[in-house]
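> The structure follows.
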């Protein structure tokens, strides 16, 4: 039985960056997050795939001790995303998105998933996220990600969902938009007023911020001279975070801070390679090493 | 005899932000930096002022134990800067700059300044900065700031100067421009190749990065919910940094890191008020308190 349920997109990604390109490779938020989480815990993925989804990719997930019982064929074609990054790597430019099987997907959770104590709802329609959350049997911790599209078009549904979850995860632009302020500290504090016990704001190369009732934690980005492909960084962070918390069985301030360092460590590896390349060869000692480097980088 | 010489502009600033405005108030890089340094050490300011410069302002500096022997009347009118900040406070929009006495100013250093072991050359023409540096009697540590205008128009002179100094201070956009890379880590490493023992990149709300031969230190910004006026933040940081180093009499990695935290602490106070307002009432216990808050914010 998985300890962590990961719901989100599974995709064929086509990516171009100044360092190269990849065509129709395995991607999607739920894939990055569950692979990142698999370094710490037994994750179960929930998503829809098409008949075109290669069996090797399902096998790849299974070999990482990720339950794929929730990965169901839901139509002909798997979700596809095509995009590119400019030289500054700051943000993805989408060329095309084909929702295919993800459109309106309302998956039924396998019985073995329902009692999992941890759940990560990666970016999708708030109705889809709520549908999955509602099938969970009183999880100990729920983490929610979203994106600008839902903030613009489904704000009410999103806000209702935010009231039900424990950790809200956003990037800096989304936090500014959702809480109508240019100041991230104000945004983080406002988020807590809606109910979540914690809000985490992802700032890309500038690191991550954690807001809890009484404290703020600020972790700088891992200093990387070469970023080959930023795809999946945010979801790797979230998966690493959720996976570590599931393993620790804790959700106090100290555990949250450590989890953010582990999430950042994994995300820093993700972007060193194209798509999932670097994560596929990553080891726990690699992660531990980068955790220690974070300690050296921030101490004074 | 001052332990730290601070060279840079002294100005009448006119500032507008969403939180208010101020007309012809005391400002300028050398003022912010020497006031910030004065919490730690005996600083001596070098600059030019006009006949219109109020005696009370010179008195204000003297009362903070800042030597003003190097503050000479050099013409009719003091340097003037007028600018505003938008709601996001990210960057200053200049409305007008009147160089007045600062134009081509080549000050002669008072004898008492020449043996000072520390010198901070705030942003000005590289020829003016070199002119001051050349009059120093083998200082133990020199810190250089600059800006995009000189990178664009006086790059050769700037690069020659960079070879002579110990710490290069830049903001993120300047670092990217000067070292022709969007990646700040690459930029910081490239800076060291020109000779400085350290390069510090200022990232505004995202904090500061320190590059030395073998290490990187990354300090996040102090989480402020309200920024009233960002004017002088960078120079307060530099002055606090230089002042702490002068007091510590050290320049090893540990001292540099602590100096950056102290510089950031003072800068975080600067932006809480308009112009010099907050710095004028600031106390050493205030600074110490924020230093301790930084410890809490980054620990994991």
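Chains as they are written, first to last, in my numbering: chain A, 8 to 307; chain B, 8 to 307. Note that beta-carbon positions come from the ideal geometry of N, C-alpha and C, so glycine has one too.
1. Mind pulling the chain A residues with CB within less than 7 Å of residue 193 of chain B?
2. Kindly provide the ranges of any alpha helix (DSSP H) runs that are 4 or more residues long and lie completely inside the region 155–231 of chain A, ordered along the chain.
3. Which residues mark the beginning and the end of the alpha helix (DSSP H) in which residue 316 of chain A is found?
4. Please compile the residues from chain B whose C-beta is within a distance smaller than 9 Å of the C-beta of residue 258 of chain A.
5. My guess is that residue 69 of chain B and residue 307 of chain A are in contact by the Cβ rule of under 8 Å, so how many angstroms apart are they, rounded?
6. Need the endpoints of the beta strand (DSSP E) that residue 52 of chain B sits in, please.
7. Hey, how far is the Cα of residue 136 of chain B from the Cα of residue 151 of chain A?
8. At a Cβ cut of 8 Å, what residues of the region 214–247 of chain B count as close to chain A, listed as they run along the chain?
9. Counting pairs of Cβ atoms below 8 Å between the region 277–297 of chain A and the region 235–242 of chain A, do you hit three or more?
10. In the structure shown, what three-state DSSP assignment does residue 110 of chain A receive?
11. Anything in chain A within Cβ reach of residue 196 of chain B, meaning under 9 Å, just list it in chain order.
12. Terminal residues of the continuous beta strand (DSSP E) containing residue 30 of chain B?
13. Going by beta-carbon coordinates alone, are residue 208 of chain B and residue 247 of chain B separated by less than 9 Å?
14. When the distance is taken between beta carbons, is residue 226 of chain B closer than 9 Å to residue 267 of chain B?
15. For residue 94 of chain A, go through chain B and note every residue whose CB falls closer than 7 Å to its CB, in chain order.
16. Closer than 8 Å is the cut-off here; do at least three beta carbon pairs connect the region 187–196 of chain A with the region 152–171 of chain A?
17. Excluding the 5 residues flanking residue 185 of chain B on each side, which residues of the same chain have their C-beta closer than 6 Å to its C-beta?
18. Using DSSP's beta-bridge definition, name the partner residues of residue 23 of chain B.
19. Hey, out of B/252, B/175 and B/61, whose CA is closest to residue 79 of chain B's CA?
20. Less than 9 Å between the C-beta atoms of residue 218 of chain B and residue 199 of chain B, yes or no?
21. Report yes if the C-beta distance between residue 182 of chain A and residue 43 of chain A is below 9 Å; otherwise report no.
22. Are there three or more Cβ pairs, one per stretch, closer than 8 Å when the region 121–131 of chain B is compared with the region 8–16 of chain B?
23. For residue 125 of chain A, list the residues DSSP reports as bridge partners.
24. Would you kindly work out how many angstroms separate the C-alpha atoms of residue 74 of chain B and residue 41 of chain B, rounded to a whole number?
25. From this set, A/89, A/106, A/65 and A/97, which residue's C-alpha is nearest residue 83 of chain A's C-alpha?
26. In chain order, what residues of the same chain lie with their CB nearer than 7 Å to the CB of residue 201 of chain A, ignoring the 5 residues before and after it?
27. Out of A/8, A/10, A/37 and A/9, point me to the one whose CA is closest to residue 20 of chain A's CA.
28. Run down chain B in chain order and give the residues with a C-beta less than 9 Å from the C-beta of residue 150 of chain A.
29. Between the Cα of residue 222 of chain A and the Cα atoms of B/203, B/269 and B/301, which residue gives the shortest distance?
30. In this structure, how does DSSP classify residue 100 of chain B when only helix, strand and coil are distinguished?
31. Look at the alpha carbon of residue 139 of chain B and the alpha carbon of residue 27 of chain B, and state the distance between them as a whole number of angstroms.
32. What is the DSSP secondary structure of residue 266 of chain A, counted as helix, strand or coil?
33. Using the Cα positions of residue 99 of chain A and residue 46 of chain B, report the straight-line distance between them to the nearest angstrom.
34. When we look at the beta-carbon of residue 34 of chain B and count the other beta-carbons within 10 Å, is it buried (16 or more) or exposed?
35. Looking at the structure shown, is residue 250 of chain A part of a helix, part of a strand, or coil, going by DSSP?
36. Where does residue 233 of chain A fall in DSSP's three states?
For this structure:
1. 232
2. Counting whole runs of 4 or more residues, the region 155–231 of chain A contains the alpha helix (DSSP H) stretches 155–160, 162–169, 179–185 and 191–199.
3. The structure shown does not extend to residue 316 of chain A, since chain A spans only 8 to 307, so no value can be given for it.
4. Result: empty, since nearest Cβ-Cβ is about 15 Å, beyond 9 Å.
5. Not really, about 33 Å apart at Cβ, beyond 8 Å.
6. First-last of the beta strand (DSSP E) with residue 52 of chain B: 50–56.
7. 52 Å
8. 214, 216, 222, 223, 224, 225, 226, 227, 228, 230, 231, 232, 233 and 234
9. yes
10. coil
11. 232
12. 27–34
13. no
14. Going by C-beta atoms, residue 267 of chain B is nearer than 9 Å to residue 226 of chain B.
15. 189
16. no
17. 158
18. B/28 and B/91
19. Closest option to residue 79 of chain B, Cα to Cα, is B/61.
20. yes
21. no
22. yes
23. Under DSSP, residue 125 of chain A takes part in a beta bridge, and its partners are A/11 and A/148.
24. Between the alpha carbons of residue 74 of chain B and residue 41 of chain B lies a gap of roughly 9 Å.
25. A/106
26. The answer, listed in chain order, is 166, 169 and 170.
27. A/37
28. Going along chain B, no residue has its Cβ under 9 Å from residue 150 of chain A, so there is no contact; the nearest lies around 18 Å.
29. B/301
30. strand
31. Linking residue 139 of chain B to residue 27 of chain B through their CA atoms gives a straight-line distance of about 36 Å.
32. helix
33. 45 Å
34. By the C-beta density criterion, residue 34 of chain B is buried, having at least 16 other C-beta atoms within 10 angstroms.
35. helix
36. Looking at residue 233 of chain A - three-state DSSP - the assignment turns out to be coil, as it is neither helix nor strand.
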